[in-house]
């Protein structure tokens, strides 16, 4: 997934029409660093939801593994109690 993201990142630096108009007007004034800031902001807004989903997925996975280990422990204790 990361490799696919890196390979297609060139197209991700595209800008919306409003942003493009802002950059073109600022380029006419001699400033060219506005476009870099807009691209960074767009990439930030693009990546944050994926990071949130990954963190929630990891926490869910970790909690399910912990609950499964606890269930196995309880089942083993019950089994050993019935064997005695």
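Numbering (the numbering used here), first residue to last: 19 to 102. Every residue, glycine too, gets a C-beta built ideally from N, C-alpha and C. Just so it is clear, the structure is predicted and the values come from calculations on it, not from any experiment.
- When the five nearest sequence neighbours on each side are left out, no beta carbon in the same chain lies closer than 6 Å to the beta carbon of residue 75.
- Our two residues, residue 100 and residue 91, have alpha carbons roughly 14 Å apart in a direct line.
- The Cβ atoms of residue 41 and residue 56 sit closer than 8 Å to each other.
- Between the C-alpha atoms of residue 79 and residue 39 there is a straight-line separation of about 44 Å.
- Per the coordinates, the alpha-carbon of residue 93 lies some 43 Å from the alpha-carbon of residue 21.
- In this structure, DSSP gives residue 61 a helical state, which the three-state scheme calls helix.
- Per DSSP, reduced to three states, the secondary structure at residue 81 is helical.
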